[in-house]
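Residue numbers (the numbering used here): 1 to 281.
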């Protein structure tokens with residue numbers, strides 16, 4: 001008999017109204033390719049905890065901001081831990097998967113990240129600027145993000161938000177990795193149009209920058225997106241390390257690029273299942 005095919009529960013919110021992105025199109029494409037090699041079922045993130053038994057692994061993809069289903073997500077994590085069901089990406093990520101604390105830790109540690117504080121008494125650690133960005137500690141997808149004048153920022157620092165200087169960057173650029181292997185980079189040449197992305201050819205220094213955060217995160221398997229901005233001085237600064245459910249913007253790639261990414265993801269899943277003791281075939 002042929003070896004059993006892995007059974008994958010693929011978590012996605014196909015109806016999430018993402019600004020400038022179509023989650024449903026991306027996941028329809030990815031699952032259409034994965035189905036050639038695995039037995040696969042899709043479910044909404046609110047249903048993952050109840051449905052995960054009987055699957056070899058759970059793949060979390062475009063499931064939307066956890067803020068929208070916090071209780072269900074916590075129940076899913078508890079269930080995965082109790083049953084030992086492998087989750088891809090593994091739930092040990094230190095980036096956005098664990099909240100925004102990493103921005104404070106990286107900033108305090110002198111890493112190339114936008115300077116970040118969360119206490120009024122630490123505001124002096126930030127560069128002086130006419131405007132500041134205030135974002136929720138548990139925010140995602142720019143929910144709750146505000147840009148405020150310098151004379152208003154102190155009154156907003158209440159322990160639930162992070163504060164960063166507002167940077168007039170040239171552009172944002174994202175680096176996409178599967179496991180520790182770089183796949184492609186995309187950038188938004190117009191700062192006011194974040195999701196109008198074009199292919200970007202990274203320099204050696206760019207890749208060294210991005211790999212620094214991939215290495216820091218210590219995830220052996222999974223998909224990660226390193227978001228950065230090009231500061232006025234020419235250096236890259238980390239904006240976000242997305243390690244839970246990064247949108248891939250596959251529609252900005254050509255056919256060969258999309259197929260190459262799915263092939264890399266498929267090989268990563270195979271290695272992940274093998275390491276977890278699954279079928280991995």
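Just so you know, even glycine gets a beta-carbon here, dropped at the ideal spot from N, CA and C.
Taking a contact to require three or more Cβ pairs closer than 8 Å, the stretch 58-76 and the stretch 182-202 do not qualify as touching.
By the beta-carbon neighbour count (other beta carbons within 10 angstroms, threshold 16), residue 13 is buried. One Cα belongs to residue 172, the other to residue 73, and the distance between them is close to 29 Å.
Your pair residue 237 and residue 38 does not check out as a contact, with CB atoms roughly 38 Å apart and the cut at 8 Å. Annotation note: the stretch 173-224 contains the following uninterrupted beta strand (DSSP E) runs of length 3 or greater, listed N- to C-terminal: 181-188.
The closest CA to that of residue 51, considering only 10, 31, 88, 19, is found on 10. Straight across, the Cα-Cα distance linking residue 179 with residue 53 is about 25 Å. When 204, 163, 240, 17 are compared, the shortest CA-CA separation from residue 126 is found for 163. Boundaries of the alpha helix (DSSP H) around residue 23: 23-34. Linking residue 168 to residue 160 through their CA atoms gives a straight-line distance of about 25 Å.
Here residue 45 carries a helix assignment [DSSP, helix/strand/coil].
Per the DSSP secondary-structure output, residue 8 pairs in a beta bridge with 40, 57. Taking C-beta atoms under 8 Å as the contact rule, residue 88 and residue 221 qualify, at a distance of about 6 Å.
Annotated three-state conformation of residue 151 is helix, per DSSP.
Counting along the chain, residue 271 sits inside no beta strand (DSSP E); it lies in the alpha helix (DSSP H) bounded by residues 255-276.
The three-state reading of DSSP puts residue 132 in strand, counting E and B together.
Apart from sequence neighbours up to five positions away, the residues of its chain that approach residue 16 with a beta-carbon distance below 6 Å are 23, 64, ordered along the chain.
CA-to-CA, the gap between residue 28 and residue 177 works out to about 20 Å.
Between residue 80 and the set 48, 100, 230, the nearest pair of CA atoms involves 48. For residue 241 and residue 4, the gap between their C-alpha atoms comes out near 35 Å.
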